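Protein chains in written order, with UniProt numbering: chain S, 1 to 409; chain B, 1 to 409. Have a look at the structure below before the remarks.
There are 2 protein chains.
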Amino acid sequence: MPDLRRTAAEPGSSAVPDGSPDASPLYDVAVVGAGVAGLSVAWRTARRGLSVVVVDPSPGSGATHASAGMLAPVSEVTYTEQPLLRLGLASLAMWPAFRADLEGESGEDLDYRTDGTLDVAYGTDDMAYLDDLASFEESLGLRVERLTGRGCRALEPMLSPSVRGGLLARDDAWVNPRRVVSALLAALAKAGGTVITERAGGLAFDGDRVVGVRLASGQVIGATSVVVAAGPWSPSLVPGLPIRPIKGQILRLRGPEGFLTRCVRGLVHGAPAYLVPRGDGEITLGATMEEMGFDGRVTAGGVYELLRDARELVPGVTELELSETTVGFRPGTPDNLPLIGPLRGTGPRGPAEPAAPRPPRPPDLLAATGHHRAGVLLAPITADAIAAFLTGEPVPQVVESCDPGRFSR
Amino acid sequence: MPDLRRTAAEPGSSAVPDGSPDASPLYDVAVVGAGVAGLSVAWRTARRGLSVVVVDPSPGSGATHASAGMLAPVSEVTYTEQPLLRLGLASLAMWPAFRADLEGESGEDLDYRTDGTLDVAYGTDDMAYLDDLASFEESLGLRVERLTGRGCRALEPMLSPSVRGGLLARDDAWVNPRRVVSALLAALAKAGGTVITERAGGLAFDGDRVVGVRLASGQVIGATSVVVAAGPWSPSLVPGLPIRPIKGQILRLRGPEGFLTRCVRGLVHGAPAYLVPRGDGEITLGATMEEMGFDGRVTAGGVYELLRDARELVPGVTELELSETTVGFRPGTPDNLPLIGPLRGTGPRGPAEPAAPRPPRPPDLLAATGHHRAGVLLAPITADAIAAFLTGEPVPQVVESCDPGRFSR
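What follows is the structure, given as structure tokens:
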């Protein structure tokens, strides 16, 4: 259960005259965190006419910077995570309009591609797993296509001759997350939003009500509502939020255009590996999943395993340039679903208040965080859900599974 | 055979008034190339009282920057390269005094270490190879020690349990080449030498005599003698020099101090891999040998193979940070021996003149290049040999094998 008391008790926080006249200008919304989630929230909210400020020392430099940008709810499906699948499918359906808007307003090309994901298998066991997955996906009404090894290589000639077969998820798409950040920053500015490139030191309170964001410098940015979109760093603002960093190491390769034309995935040595090609010849190769806290080191073992697995899928990668090694921290939650919505009963003074179905005034504190591996995919639905919570519009039902209070029930 | 005619015929080269009064100041020696060879030559020459200038757009950024800095003639011995072994042993014997001088004059610590090289073997075939190598080394009077697998692990506990045995070459040493460059620049400055950080466009001639270096900007730096120490780029100054770039990819890892205490080498998958520890916990892991011209790309395959081989030698490297990936170009020669000495009969006008045993005036053009994998090891003997050629001192006999004219005989 989130508990703000520790924040309120931090040294210095009470020294700031929270809510006092110098905590101006007063924004409708302050978003803490300028990853793809926070920026999308800020943009969609600003578009609705609210005054919006985003606080982040280095916009777009967190998990979004590392991300491969796969919009792949189908090929990422797991047997136990159907709420996540429904959420992902709903957000994937929003991506074409989100993209058209964002490209239109920013004038930037997101390298949005819709050629699908090809999931490949090697041995007999792998094939059995893919067959089973295909049946499960079909039972959910998802569109997948079973391919022979030859069928896979017809689509992607660089695939290993050892590939025995595969599944093509034609509805999966992908995008360049760094371009998304750049476009969101441009679109947000156009919509009148403000970005403050400083670190947020905590929340500002008036009694038990959140009234803004306290910068690390001590200055308070007043806001009617604060949206915590700080990914794995969110618990530093809202202690007790059930979010932990899941370290990912990810590589960028550079090859000739057309080396691959689709996202290629495979289960190699028990770990899912993927290669995501861009229009400019870059290939994102990911990713490790490590419970290592905020360990920012690129390790010999992480890079080794990624290259080893990629070689098994696509032997020709050995000839490509290794142009970048990156570490990112996914904001993980206990059930792999994000936290989207008001944080209720989190005031510093006392016990939880009963949740109101529609608050009479905008919630003072909301979460748009914990997106784990799916921040880019879930950006449209996250943004529109938060905007709905803020303006009193109806919130999509599928977002109910993301209620931040679900872990304390 | 070196042939300067093409250089002399280059567009613009005759437009420069070579040897005219504006080609001043006139140095005794101009060295082209500020790698470990060029800087060592410059420093030792300046120490003898000659006026010296070094021309390099980016000192220490070539092969020296990539180099692991092994001073390892014993463990690097091959059956067919005894002249190289003799040269290496002679230079290794000079290193303690060279180091003491250099550290004393520069005030810098070279991280010079003398704990020896441990060459390890896995299977039966590898052990047989090492046994044979040990016998060969002993027949040459080299000091090596045969160790069991347990003996190897007693010296280096991080070694793989699969190591079957090894050879310890106690006389091998190593040094941090980047510190050597930094120290040489400081010592050279103290000895009155000058460094011009511009690219050399070619040589300057008066008739068939070299009279200086023409910078890419067109300016001529006049010099009585020019020393070509431009490594793999040397043929751009002296067309026809039998030197080619041999690409090496090399990694830097960062671990706890004492993770390894010696240079560890092994033949893995048919390729020699080595790990060179520094006092600060850095470990240099090398290196690929690629005939790829000046292909400056770090490749997925190169990094993969280095990490794979290192893991087999020392499994725990997977936990270390991969802090750097570097590409360098070794200056390779047909016989793997460097070119050290006067370049004779290379004038633009015509055929080779007969070589004089001791020229009446200093040679106008010399080579100190083509050191392949051994530039750091051979720096002391190269520097003193070139200084001897320039001043008329006796030249060490072992350097005769490096006569630049040997390929045209």
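All residues carry an ideal CB built from backbone N, CA and C; glycine is no exception. Just so you know, these numbers come straight off a predicted model, no measurement behind them.
ask   = Closest to Ala300 (chain S) by CA distance: which of B:Arg297, B:Val317, B:Ala300 is it?
value = B:Val317
inquiry  = Output needed for Glu321 (chain S): all residues of its chain with C-beta closer than 7 Å, excluding positions within five of it in sequence on either side, in chain order.
reply    = Leu253, Arg254
query = Helix, strand or coil: which one does DSSP assign to Tyr27 (chain B)?
reply = strand
ask   = Can Ala223 (chain S) and Ala200 (chain S) be called in contact, C-beta distance under 9 Å?
value = no
request  = Determine the direct distance from the alpha carbon of Gly296 (chain B) to that of Arg244 (chain S), and round the result to whole angstroms.
outcome  = 39 Å
Element boundaries [beta strand (DSSP E), containing Glu324 (chain S)] = 321–332
Beta carbon of Val395 (chain S) nearer than 9 Å to that of Ala383 (chain S) = no
inquiry  = Whole angstroms are fine: how far does the CA of Arg170 (chain B) sit from the CA of Thr261 (chain B)?
reply    = 13 Å
query = For Val31 (chain S) versus Ala229 (chain S), is the C-beta distance shorter than 9 Å?
reply = yes
message = Quick check on Leu87 (chain B): does DSSP put it in helix, strand or coil?
response = helix
task = List the endpoints of the continuous beta strand (DSSP E) containing Ser225 (chain B).
result = 220–228
key: For Ala68 (chain S) and Gly141 (chain B), the rounded distance between their alpha carbons   = 58 Å
DSSP state of Arg47 (chain B) mapped onto helix, strand, coil = helix
key: the region 100–109 of chain B / the region 398–407 of chain B touching (three or more Cβ pairs under 8 Å)   = no
task = Tell me whether Asp206 (chain B) sits in a helix, a strand or coil according to DSSP, three-state version.
result = strand
ask   = Where Ala374 (chain B) and Asp335 (chain S) are concerned, what is the direct C-alpha to C-alpha distance, given to the nearest angstrom?
value = 57 Å
Nearest neighbour of Val213 (chain S), chosen from S:Leu133, S:Leu84, S:Val226 [CA to CA] = S:Val226
request  = Pick helix, strand or coil for Met292 (chain B), following the three-state DSSP scheme.
outcome  = coil
ask   = What is the C-beta distance between Val29 (chain S) and Thr45 (chain S), in whole angstroms, given that I count them as a contact (C-beta under 8 Å)?
value = 5 Å
task = Give the single residue among S:Asp115, S:Pro157, S:Ala66 whose Cα lies nearest to the Cα of Lys247 (chain S).
result = S:Ala66
query = Can you name the residues that DSSP bridges to Cys263 (chain S)?
reply = S:Thr117
message = Would Leu365 (chain B) and Leu343 (chain B) be called neighbours here (beta carbons separated by less than 9 Å)?
response = yes
request  = Within the same chain, show all residues whose beta-carbon is closer than 7 Å to that of Ala388 (chain B), passing over the 5 residues directly before and after it, in chain order.
outcome  = Pro394, Val395
ask   = Would you report the Cα separation of Leu92 (chain S) and Val175 (chain S), rounded to the nearest angstrom?
value = 12 Å
message = Among B:Pro362, B:Pro331, B:Leu307, whose alpha-carbon lies nearest the alpha-carbon of Ala368 (chain B)?
response = B:Pro331
task = Using a Cβ cut-off of 9 Å (strictly closer), state whether Arg265 (chain B) contacts chain S.
result = no
query = Whose CA, out of B:Pro232, B:Leu168, B:Leu159, B:Asp132, lies closest to the CA of His371 (chain B)?
reply = B:Pro232
inquiry  = Using the Cβ count rule (16 or more neighbours within 10 Å means buried), how would you classify Gly218 (chain B)?
reply    = exposed
query = For Tyr122 (chain S), which option in S:Pro161, S:Glu156, S:Gly49, S:Tyr112 has the closest C-alpha, if you only look at C-alpha atoms?
reply = S:Pro161
request  = Taking Leu241 (chain B) and Leu339 (chain B) to be in contact with their CB atoms under 8 Å, please state how far apart those CB atoms are, rounded to whole angstroms.
outcome  = 7 Å
query = In this structure, does DSSP put Arg252 (chain B) in helix, strand or coil?
reply = strand
task = Give me the Cα-Cα distance between Ala310 (chain S) and Glu282 (chain S), rounded to the nearest whole angstrom.
result = 14 Å
query = Within 9 Å (strictly less), CB to CB, does Ala300 (chain S) reach chain B?
reply = yes
task = Provide the residue(s) that pair with residue 451 (chain B) in DSSP beta bridges, ordered along the chain.
result = Here chain B comprises residues numbered 1 to 409, so residue 451 (chain B) is not present and cannot be evaluated.
query = Which bits of chain B does Ala86 (chain S) rub up against, with CB to CB less than 8 Å?
reply = The identity of residue 86 (chain S) in the sequence shown is Arg, whereas the question assumes Ala. Ordered by position in chain B, no residue passes the 8 Å Cβ test against Arg86 (chain S), which lies about 37 Å from the chain.
request  = Using 10 angstroms around the beta-carbon of Gln397 (chain B), count the other beta-carbons present and answer buried if the total reaches 16, otherwise exposed.
outcome  = exposed
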